[in-house]
Amino acid sequence: MSLPKGKHIFGTVKVGERGQIVIPKEARDLFDIKPGDTLLVLGDEEQGIAIAKADVMQEVAIKILKGLGGFKPDDK
């Protein structure tokens, strides 16, 4: 079974005793996740957890605010 273009299944991970997981190398490479990067963890009780690079989410938030008129041109 092939996945639609741009969709990926990277496998499973186990949660360690300290609540940590390892992001699979293929996912780190594809999304350019490097040591020291800040990730944003989002949750939906019905759909689950999503992880995104914080800088990408900041760019999205700025675009949304600009679209709503809540962002001044000198802000960024």
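To convert, count from 1 in the sequence shown and add 42; that's our numbering.
All C-beta atoms, glycine included, are put in the ideal place defined by N, C-alpha and C.
Whole-angstrom C-beta distance between leucine 81 and lysine 67, which should lie under 8 Å
Not quite, the Cβ-Cβ distance comes to about 16 Å (not below 8 Å), so this is no contact.
Other residues of its chain near leucine 45: CB distance less than 8 Å, five sequence neighbours each side excluded:
Ile51.
Valine 108 to lysine 47, Cα distance in whole Å?
The amino acid occupying residue 108 in the given sequence is lysine; valine does not appear at that position. Between lysine 108 and lysine 47, the C-alpha separation is close to 30 Å.
Extent of the continuous alpha helix (DSSP H) run through aspartate 86
Not the alpha helix (DSSP H): aspartate 86 falls in the beta strand (DSSP E), residues 81-86.
Opening and closing residue of the alpha helix (DSSP H) in which glycine 142 lies:
Not covered by the structure: residue 142. The range shown for the chain is 43 to 118.
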